[in-house]
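Numbered according to my numbering, the sequence shown spans residues 306 to 595.
In what follows, a structure is listed as structure tokens, so that the remarks can point back to it.
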Amino acid sequence: MRRGVFIIFYCLLIFASYFFVLKVKATTISPAKYLITLASGDTGNVAVTIKNDENTDVEYSFSVLGVKQSELGGPLFLSGLSEVESWIVPEIKQISIASGEEKNINFKINIPATVYSGSYYLGLAVQKINLPGSDVGLSGRLITLLNLQVAGEAREVLQINEFNLNQKLSKNREDFTFVLGLKNQGNVDLPLKGEIKILDWKKKEISNQEVYLGNNLLPSSNRRLTLIFDKSLSWSPVYFAQVVVDYGRTKQVAQKTIFINNLSVTYIIFGFIFLILLYLIKTKKKAIKI
Numbered sequence: 306m307r308r309g310v311f312i313i314f315y316c317l318l319i320f321a322s323y324f325f326v327l328k329v330k331a332t333t334i335s336p337a338k339y340l341i342t343l344a345s346g347d348t349g350n351v352a353v354t355i356k357n358d359e360n361t362d363v364e365y366s367f368s369v370l371g372v373k374q375s376e377l378g379g380p381l382f383l384s385g386l387s388e389v390e391s392w393i394v395p396e397i398k399q400i401s402i403a404s405g406e407e408k409n410i411n412f413k414i415n416i417p418a419t420v421y422s423g424s425y426y427l428g429l430a431v432q433k434i435n436l437p438g439s440d441v442g443l444s445g446r447l448i449t450l451l452n453l454q455v456a457g458e459a460r461e462v463l464q465i466n467e468f469n470l471n472q473k474l475s476k477n478r479e480d481f482t483f484v485l486g487l488k489n490q491g492n493v494d495l496p497l498k499g500e501i502k503i504l505d506w507k508k509k510e511i512s513n514q515e516v517y518l519g520n521n522l523l524p525s526s527n528r529r530l531t532l533i534f535d536k537s538l539s540w541s542p543v544y545f546a547q548v549v550v551d552y553g554r555t556k557q558v559a560q561k562t563i564f565i566n567n568l569s570v571t572y573i574i575f576g577f578i579f580l581i582l583l584y585l586i587k588t589k590k591k592a593i594k595i
């Protein structure tokens, strides 16, 4: 009897799971990413495919968004970030797609003749319009990330804006926490690879550690990172910390070195007092000889 009840319950569970899967069908967009290369003054066209897997017909609208990077390197899509958004317009403003059908939506590209070469990122957005009688607004936004490369000379320039020791989070020789600020001043995205080196007072390397600097850094983007150096070090009154960043596809290097005082305030005060006493003793000895 119990076995029969268990089998019935198991079958109902499978049926409920299948029914739930059917219910969560939604709209999809493809491709997720798109790369196109054009020259200044050129025109072009890109298309995205919208598939309506919902159980009812859905009406969609289309727009173009600007892209900037978050501190972690991910894309943030916002309207009104730059004039680049005006280079691309959808051929149609909105469309109704029947349940189970898919449509190709074209976006026209018109690059001004005065534009510099480089990589430009945009979001091709598809938005589901709320049904009549529901709240006003847009929901269910889907985005294709467009990498628009304008042909020309690629400039790979990385600037280290900031590199310092976070005194509050650092624990002497056991755990150094650094803050690193980077800016891409070139016109192409930059792959990054980082390393922190610890040098002694003679600026001789005593330890090193690779650090993760995130995804490719987009042109004109800033990134601020917290980096932890957690290798144990032999004691030294002072250290030098050097960050080395390999960037770009041409493997260029940017680096910056800072001074780290490993002496506590107490040691410094005692040292200063000792030097004063030593000076007084030597002065007194000279006076006695005279």
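Note that beta-carbon positions come from the ideal geometry of N, C-alpha and C, so glycine has one too.
Per the DSSP secondary-structure output, glutamate 500 pairs in a beta bridge with Glu515 and Val549. Judged by DSSP in its simplified three-state form, glutamate 364 adopts strand. The residue among Leu427, Asp551 and Pro417 with its C-alpha nearest the C-alpha of isoleucine 341 is Leu427.
Beta-carbon to beta-carbon, lysine 498 and leucine 485 are separated by about 13 Å, too far to satisfy the 8 Å threshold. Proximity to asparagine 566 across Ser512, Asn527, Leu583 and Trp506 peaks at Trp506, based on C-alpha coordinates. Under the three-state reduction of DSSP, isoleucine 416 is assigned to coil, being neither helix nor strand.
The residue among Gly346, Val462, Asp358 and Glu388 with its C-alpha nearest the C-alpha of asparagine 527 is Val462.
A direct Cα-Cα distance of roughly 36 Å separates proline 496 from isoleucine 397. Nearest Cα to alanine 418 within the set Ile434, Trp392 and Tyr544: Trp392. Secondary-structure assignment with DSSP links glycine 423 through a beta bridge to Val455.
Note on geometry: alpha-carbon atoms of alanine 546 and proline 380 lie some 31 Å from one another. The continuous beta strand (DSSP E) containing serine 401 extends over residues 399–402. In the DSSP assignment, proline 380 falls within the unbroken beta strand (DSSP E) covering 380–383.
Counting other Cβ atoms within 10 Å of its Cβ, proline 336 stays below 16 and is therefore classed as exposed.
For proline 395, the uninterrupted beta strand (DSSP E) run begins and ends at 393–395, by DSSP.
Between valine 351 and phenylalanine 412, the C-beta spacing is below 8 Å. No residue range can be given for lysine 556, since it is assigned to no beta strand (DSSP E) and is classified by DSSP as neither H nor E. DSSP places glutamate 467 inside the beta strand (DSSP E), whose first and last residues are 463–470. Distances from the alpha-carbon of leucine 532 to those of Leu447, Val516 and Gly346 put Val516 closest.
Shown here, leucine 580 sits in a helix according to DSSP, grouped into three states. Residue state for valine 493 is assigned as coil, using DSSP reduced to three classes. Beta-bridge pairing by DSSP links isoleucine 533 to Thr482.
Residue burial annotation: tyrosine 365 is buried, with at least 16 other C-beta atoms found within 10 angstroms of its C-beta. Listed in chain order, the non-local C-beta contacts of glutamine 560 below 8 Å within the same chain comprise Ile465, Gln547, Val548, Val549 and Val550, local neighbours out to five positions each way being set aside. In this structure, aspartate 362 lies near alanine 403, with their beta-carbon atoms less than 8 Å apart. Counted as a single uninterrupted DSSP element, the beta strand (DSSP E) harbouring glycine 349 occupies residues 348–357. In this chain, the beta strand (DSSP E) harbouring serine 335 covers 332–335. Within the same chain, Cβ atoms closer than 8 Å to the Cβ of glutamate 407 are found at Thr354, Ile355, Lys356 and Asn357, the five residues on either side in sequence being excluded. Inclusion of tyrosine 425 and leucine 453 in the CB contact set at 8 Å is warranted, their separation being smaller than that value.
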